[in-house]
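Visitor: These protein sequences, in sequence, are chains A and B. Letter by letter, the first sequence follows residues 1029 to 1189 of the numbering used here. Letter by letter, the second sequence follows residues 1063 to 1953 of the numbering used here. Ideal Cβ placement from N, Cα and C applies to all residues, glycine included.
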Amino acid sequence: MIDTASQNASETRARTGTTRDFLTLRINGQLFGIPILQVQDVLGEVHLSRVPLAPPQVAGSLNLRGRIVTAIDVRKCLGLSQPDSTLKRMSVVVEQDHELYSLMIDRVGDVLSLYDEDFEHTPATLDPAWRAMATGIYRLESDLLVILDVPKLLKTLTLMN
Amino acid sequence: MDDLIAEFITETNESLQELDTDLIRLEQNPNDKDLISKIFRLMHTIKGTCGFLGLPRLETVAHRAENVMGRFRDGDLNVTPAYVSLILESLDRVRSLLGHIEKNGTEPDGSDAELIAKLDAVYEGRDHESTPAKPAPAAPTSDMPIIPEGRESTLEELDAIFAATPVLAPTLSAPTPVITEDLAPVKEDPREENKESSLANQTLRVNVDVLENLMTMVSELVLTRNQLLQISRAQRAESAKEKTSYTGPLQRLNHVVSDLQDGVMKTRMQPIGNAWAKLPRIIRDLSQELKKKIDLVMIGQETELDRQVLEMIKDPLTHMIRNSGDHGIEIPADRVKAGKLETGTITLKAFHEGGHIIIQIIDDGKGLPMARIKQKIIQNGLATEAELATMSTQQIQQFIFKAGFSTADKVTSVSGRGVGMDVVRTNIEKIGGSIELQSIEGKGSTFTIKIPLTLAIVSSLIVESGGERFAIPQLSVNELVLTSEKSDQQIEMIKGTPVFRLRNKLLPLVSLERLLNLSPESEVQNFDHKYIIVTQVGAYRFGIIVDRVFDTEEIVVKPVSKILRNIEMFSGNTILGDGSVIMILDPGGIAKMAGENDAPIEQDLDQANDLIAGREKTSLLLFMAGNDTLKAVPLSLVARLENIAVSQIEYASNQMMIQYRGKLMPLIAYNDAVKLHDQKTKPVLVFTERGRSMGLIVDEIVDITEQFIDLQTDSNSQGVLGSTIINGKATELVDVNHYLRSVFTDFFKNHGDDPYLTPHGTAGSRKRRVLLIDDSPFFRNMLTPLLSVSGYEVVSLESPIKALEMAENGEHFDIIISDIEMPDMSGFEFATRVRAGGQWQSIPLLALSSHATPQDMDHGFKVGFNGYVAKFDRDTLLSAINQTLIGGQQS
């Protein structure tokens, strides 16, 4: 993983400067990143138990080695449509305030080390729902990577309900 | 904040709590040397640590207080209440300083000069109250320090001089006294230090998170083990009977895991005394403030319960103790007037019972003021005067648990702020507990709280609705009903709202599927073959419709995620044995959705009506014999049910007999219409009476049912007590006595030497008079003949109120037998009134009940019953009457 990451990041020239590691993920074709230290687990498709009366963003709950994890549908949080049902979705497990959440995304990509100088704040013109849940954007060679603000996303959910 | 300071704050808070309790004990028992030493040491530790951490203000206060304790310890100053107050005041100061440090990390500004001056005055014997224990020698007359005590005390004297200049204390000079004091403890009593450290080694402070984590992992281990066991069982079933090589180790794993689970559970347990530590202090302050004399007796501090539960009941308990002190106990003058001891007693008691812990708060104060409560009920529009008139004392008392119900005339600093017992009740119900109240005006009140031992593991019923499974705590499940479209067990609809007739009462229903939006709104609800979970929250009873009911399971309760916390229907979630996650239903939350708030009063009245109708559940055996009328006999009178072969029936002197268990047992057909030869075998009800058995031949045994017996018509025909409605059908209640009599013709006559009547050869004396009080006509009809054929003269009444009227009219009885659950006055209340005075005061009283719990019995004995008998146990009843009469004679 690390090899690929450094490859990706330092494709063209050897660069210096501080870097941060991110786990990349794809949702609806868009590349996202989550600070690697926030990630506890990556899960393949799992069976979810329904939680009646839960807000629409909550997809259900699951049992992860004896701990109950609340599954959040990130597509719903970002106001995206549901993928076709054949898509096997993956999840990223994060912890906040001693509680576990699994963020359902489309699929997980590589871990990248990104240079701080490539970081930019979210453009003011971005969809408000996205702006609220992004810390910023990294300019990659071929793509733009939106950094998901996981704590904020979860906090908004808690406050909304 | 510095870790060291955090640790110090935790430790000091614990010590302070301990100190509070000890100081109160000291006041009661001023000459307890051990106690004084202990307090002294604790103070010393606080002081020492403060100095070490550089908290000069805190240290100075602790130090001065310690000085005073030193004088108590050396015995040259007597402990008076005023001194204890002073020490408490310094402790409070320490506490408030600590609070500030905890919040801000620094000591607050300000000065303690006033408090220090007071402490020093006591220490130096300058205060007017100073009462030297040993008159001449010990009195420290100003400038002359006590030299014989050596260096140590000179140091302290020096200290005192140092501190007497308060300006210096918070500044640079502060460390100086620290050093001297740090030296002191080592020299003072090295042996005691050793003792303490060896004790300390046996306990270990562990972060709660670590324990919680451990608990989670053990739960997971248990699940994995369950899965393994299941696989192993399935394999064994497949591959013949032989044991696989896994069986042994698996079994061992099984045991170890169970032990481990128990062990981890135990680490969460704490003695309830931890939650009580603050109470003596509260009571003490309260009694001083209100000028009352109150003793707090605590029993069962060592009773253990889950840490989580402990936290939850701390506040309700404090509130209730305050209430007892404030509202319950009277001022000394009033107590004396009422013929009580000047000092009131509040007893706090905890003990285990089943999977529960029972906490009782008992005071011998003035009890609940009924008049005030009634006035308040009407004033708040909770019930009308007419409604109140139909309620029992108990029911009226329950109103204090309703919101905004405080009968205190004025708001004191102590209680009466309107947030009262309803908050207590809500808090206790939140953790699956219940609270009950018994109060007698003028005598005192008893609150009984019943809570589960642990919140972590709860026995729950697993149900299914809309394809999803849910857990519902067993504690809140009253009963289960299976419905069907075809039978009487049918759900009926009123404008789309389902209701159910449960024993002639309408039970409001909610569909879980609907409530949780599990099915599309448009779908037509089908109520065939559904289960109704009958639930009770407070006084509100309702039913929850679910599709299926599985087993009960011990589940580990886990809190729901923050995102889901505001869904009131769920109290938590859990992982089942098969690894799936399910939600735990909260009956309280569902009740709210199911209209609890709109209904409670009607419900109360319904219960009252139930009682008025003389209802009490009785197990009945239903059978058919001869004709199409259903017949019933109390199950407890039936010894056995047998199927006998008709061919084995023999005849002796015109009497049918059968050889039964090595003896001849007489048989009798229920009536002439019972044909003996239509079947090969016939069902027989066997009744046993004083070692003799007889069989009653019937046609068919139909069912066993629990019913309220409400005798509708008396009967003229022999062998029938009367008719009643059971499951909507007219049913005859069988008079078993009639059949016994017809078989054993000598049965009731042969009483010349009846042991029940004439224990000491007092035969020939007048007939003993028995007063029987029971609201149920069925039992009056059953017991009256039984007693009268046993030679007693029986007067039976349906109400204790009538009995009390008889007492006033000067009637006399040898013994009174009373039912407990009666509509217009309970047996307990009746007993209390009888024992309160009048000419019946010393008549023996027997309580008659069909289901007596140990608490009931306790309560019964307390209010003056001499004994307890089960309703159907005629032998015990007769012998109890006999025994009680003998006892009465001897005493």
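Which residues in the same chain have their Cβ closer than 7 Å to the Cβ of residue 1086(B), if we skip the five residues on either side of it in sequence?
Guide: Position 24 of the second sequence, counted from the first residue, corresponds to residue 1086(B). Contacts found: 1342, 1343 and 1346.
Visitor: Does residue 1043(A) come within less than 8 Å of chain B when only Cβ atoms are used?
Guide: Along the first sequence, one-based indexing puts residue 1043(A) at 15. No, no contact with chain B.
Visitor: For residue 1166(A), count neighbouring Cβ atoms within 10 angstroms of its own Cβ and tell me buried if that reaches 16, exposed if not.
Guide: Here residue 1166(A) is taken as the residue at index 138 of the first sequence, counted from 1. Buried, since its Cβ has 16 or more Cβ neighbours within 10 Å.
Visitor: Any beta-carbon of chain E closer than 8 Å to the one on residue 1282(B)?
Guide: Going by chain labels, chain E is absent from the structure shown, which instead holds the protein chains A and B.
Visitor: Taking the DSSP output, what are the residues bridged to residue 1358(B)?
Guide: For the purposes of this step, residue 1358(B) is identified with residue 296 of the second sequence, where counting begins at 1. Note: residue 1358(B) sits in a beta bridge opposite 1408(B).
Visitor: Note down, in chain order, all residues in the stretch 1599-1631 of chain B with a beta-carbon under 7 Å from any beta-carbon belonging to chain A.
Guide: Against chain A - using a Cβ distance shorter than 7 Å - the residues of the stretch 1599-1631 of chain B are 1620, 1623, 1624, 1625, 1626, 1628, 1629 and 1631.
Visitor: Terminal residues of the continuous alpha helix (DSSP H) containing residue 1188(A)?
Guide: Against the first sequence, residue 1188(A) aligns to sequence position 160. Unbroken alpha helix (DSSP H) run through residue 1188(A): 1178-1188.
Visitor: Quick check: the stretch 1369-1389 of chain B against the stretch 1423-1430 of chain B, are there 3 or more CB pairs under 8 Å?
Guide: Touching, per the Cβ criterion.
Visitor: Using only CA atoms, which one of 1086(A), 1075(A), 1140(A) and 1072(A) lies nearest to residue 1064(A)?
Guide: Working through the first sequence from its first residue, we reach residue 1064(A) at position 36. Checking every option, the nearest Cα to that of residue 1064(A) belongs to 1140(A).
Visitor: So residue 1505(B) is in the alpha helix (DSSP H); what residue range does that whole segment cover?
Guide: For the purposes of this step, residue 1505(B) is identified with residue 443 of the second sequence, where counting begins at 1. Membership of residue 1505(B) in any alpha helix (DSSP H) is not indicated, and neither H nor E is assigned to it by DSSP.
Visitor: Give me the Cα-Cα distance between residue 1166(B) and residue 1574(B), rounded to the nearest whole angstrom.
Guide: Translated into positions along the second sequence, residue 1166(B) becomes position 104. Translated into positions along the second sequence, residue 1574(B) becomes position 512. C-alpha separation (whole angstroms): 50 Å.
Visitor: Could one say the Cβ of residue 1580(B) lies closer than 8 Å to chain A's Cβ atoms, at least one of them?
Guide: Position 518 of the second sequence, counting from 1, holds the residue named residue 1580(B). Under the 8 Å criterion on CB atoms, residue 1580(B) is classed as interfacial with respect to chain A.
Visitor: Does the stretch 1172-1182 of chain A come into contact with the stretch 1070-1088 of chain B, if we say contact requires no fewer than three beta-carbon pairs (one atom in each stretch) closer than 8 Å?
Guide: no
Visitor: Give me the Cα-Cα distance between residue 1940(B) and residue 1865(B), rounded to the nearest whole angstrom.
Guide: Position 878 of the second sequence, counting from 1, holds the residue named residue 1940(B). Position 803 of the second sequence, counting from 1, holds the residue named residue 1865(B). Each residue's alpha carbon lies about 21 Å from the other.
Visitor: Pull up the distance between the alpha-carbon of residue 1214(B) and that of residue 1511(B), whole angstroms please.
Guide: Walking along the second sequence from the start, residue 1214(B) turns up at place 152. Walking along the second sequence from the start, residue 1511(B) turns up at place 449. Unreliable placement is indicated for residue 1214(B), whose pLDDT of 44 sits below 50; the coordinate value is still reported in the next sentence. Approximately 52 Å between the Cα atoms of the pair.
Visitor: Just to confirm the assignment, what range does the beta strand (DSSP E) spanning residue 2013(B) have?
Guide: Past the edges of chain B, shown from 1063 to 1953, lies residue 2013(B), and the structure says nothing about it.
Visitor: Enumerate in chain order the residues of its own chain whose CB-to-CB distance from residue 1227(B) is below 7 Å, with the five nearest sequence positions on each side excluded.
Guide: Locating residue 1227(B) in the second sequence gives position 165, counting from the first residue. Residue placement at residue 1227(B) is poorly supported in this model, since its pLDDT is 45, which falls under 50; the coordinates are not used for a value here.
Visitor: Assess contact between the stretch 1743-1752 of chain B and the stretch 1700-1713 of chain B, defined as three or more Cβ pairs (one per stretch) separated by less than 8 Å. Is contact present?
Guide: At 8 Å Cβ cutoff, the stretches touch.
Visitor: Does residue 1073(A) come within less than 8 Å of chain B when only Cβ atoms are used?
Guide: Here residue 1073(A) refers to the residue found at position 45 of the first sequence. Under the Cβ criterion of 8 Å, residue 1073(A) is not counted among the residues facing chain B.
Visitor: May I ask which residues mark the beginning and end of the beta strand (DSSP E) holding residue 1050(A)?
Guide: Locating residue 1050(A) in the first sequence gives position 22, counting from the first residue. First-last of the beta strand (DSSP E) with residue 1050(A): 1047-1055.
Visitor: Flag this pair as touching only if the stretch 1678-1687 of chain B and the stretch 1708-1727 of chain B have three or more C-beta atom pairs under 8 Å; answer yes or no.
Guide: The stretch 1678-1687 of chain B makes no contact with the stretch 1708-1727 of chain B: fewer than 3 CB pairs, one atom from each, lie closer than 8 Å.
Visitor: Using alpha carbons as the reference points, say which of 1153(B), 1168(B) and 1163(B) lies closest to residue 1177(B).
Guide: Numbered from its first residue, the second sequence carries residue 1177(B) at position 115. With respect to the C-alpha of residue 1177(B), the residue from 1153(B), 1168(B) and 1163(B) having the closest C-alpha is 1153(B).
Visitor: If you drop the 5 nearest sequence neighbours on each side, which residues of the same chain put their C-beta closer than 7 Å to that of residue 1653(B)?
Guide: Numbered from 1 along the second sequence, position 591 holds the residue referred to as residue 1653(B). Excluding positions up to five away in sequence, the list reads 1599, 1602 and 1604.
Visitor: Please identify, using Cβ separations under 7 Å, the residues of the stretch 1084-1098 of chain A that lie next to chain B, in order along the chain.
Guide: So the list reads 1086, 1089, 1090, 1091, 1093, 1094, 1095, 1096 and 1098, given in the order they occur along the chain.
Visitor: For the alpha helix (DSSP H) holding residue 1129(B), just list the boundary residues, first then last.
Guide: Mapped onto the second sequence, residue 1129(B) falls at position 67. Taken as a continuous stretch (DSSP letters only), the alpha helix (DSSP H) holding residue 1129(B) covers 1118-1136.
Visitor: According to DSSP, simplified to helix, strand and coil, what is residue 1566(B)?
Guide: What you label residue 1566(B) is simply residue 504 of the second sequence in a count that begins at 1. Correct three-state label for residue 1566(B): coil.
Visitor: Mark residue 1096(B) as exposed unless 16 or more other C-beta atoms lie within 10 angstroms of its C-beta, in which case mark it buried.
Guide: For the purposes of this step, residue 1096(B) is taken as residue 34 along the second sequence, with counting starting at 1. Exposed, by the Cβ-count rule.
Visitor: Are the stretch 1071-1079 of chain B and the stretch 1154-1161 of chain B touching, with three or more C-beta to C-beta distances below 8 Å?
Guide: yes
Visitor: Which value, in whole angstroms, describes the spacing of the CA atoms of residue 1450(B) and residue 1740(B)?
Guide: The residue given as residue 1450(B) occupies position 388 in the second sequence. The residue given as residue 1740(B) occupies position 678 in the second sequence. For residue 1450(B) and residue 1740(B), the distance between alpha carbons rounds to 59 Å.
Visitor: Applying the 10 Å Cβ sphere with the 16-neighbour rule, what's the burial state of residue 1317(B)?
Guide: Position 255 of the second sequence, counted from the first residue, corresponds to residue 1317(B). Flag for residue 1317(B) reads exposed.
Visitor: Classify residue 1414(B) as helix, strand or coil using the three-state DSSP reduction.
Guide: Mapped onto the second sequence, residue 1414(B) falls at position 352. Strand, per DSSP.
Visitor: Spatial neighbours of residue 1378(B) within its chain, please: C-beta separation below 7 Å, excluding the five flanking residues on both sides.
Guide: Mapped onto the second sequence, residue 1378(B) falls at position 316. 1486, 1489 and 1490.
Visitor: Please report the distance separating the alpha-carbon of residue 1633(B) from that of residue 1644(B).
Guide: The count along the second sequence starts at 1 and reaches residue 1633(B) at position 571. The count along the second sequence starts at 1 and reaches residue 1644(B) at position 582. Computed Cα separation, rounded: 11 Å.
Visitor: Can the beta-carbon of residue 1541(B) be found less than 8 Å from the beta-carbon of residue 1596(B)?
Guide: Against the second sequence, residue 1541(B) aligns to sequence position 479. Against the second sequence, residue 1596(B) aligns to sequence position 534. It is a contact, given that the beta carbons lie within the stated cut-off.
Visitor: Grab me the residues of residue 1793(B)'s own chain with a C-beta within less than 6 Å of its C-beta, minus the 5 sequence neighbours each way, in chain order.
Guide: Residue mapping note: residue 1793(B) aligns to position 731 of the second sequence, counting from 1. 1692, 1694 and 1786.
Visitor: Tell me the rounded alpha-carbon separation between residue 1329(B) and residue 1126(A).
Guide: Taking the first residue of the second sequence as 1, we reach residue 1329(B) at position 267. Taking the first residue of the first sequence as 1, we reach residue 1126(A) at position 98. Computed Cα separation, rounded: 21 Å.
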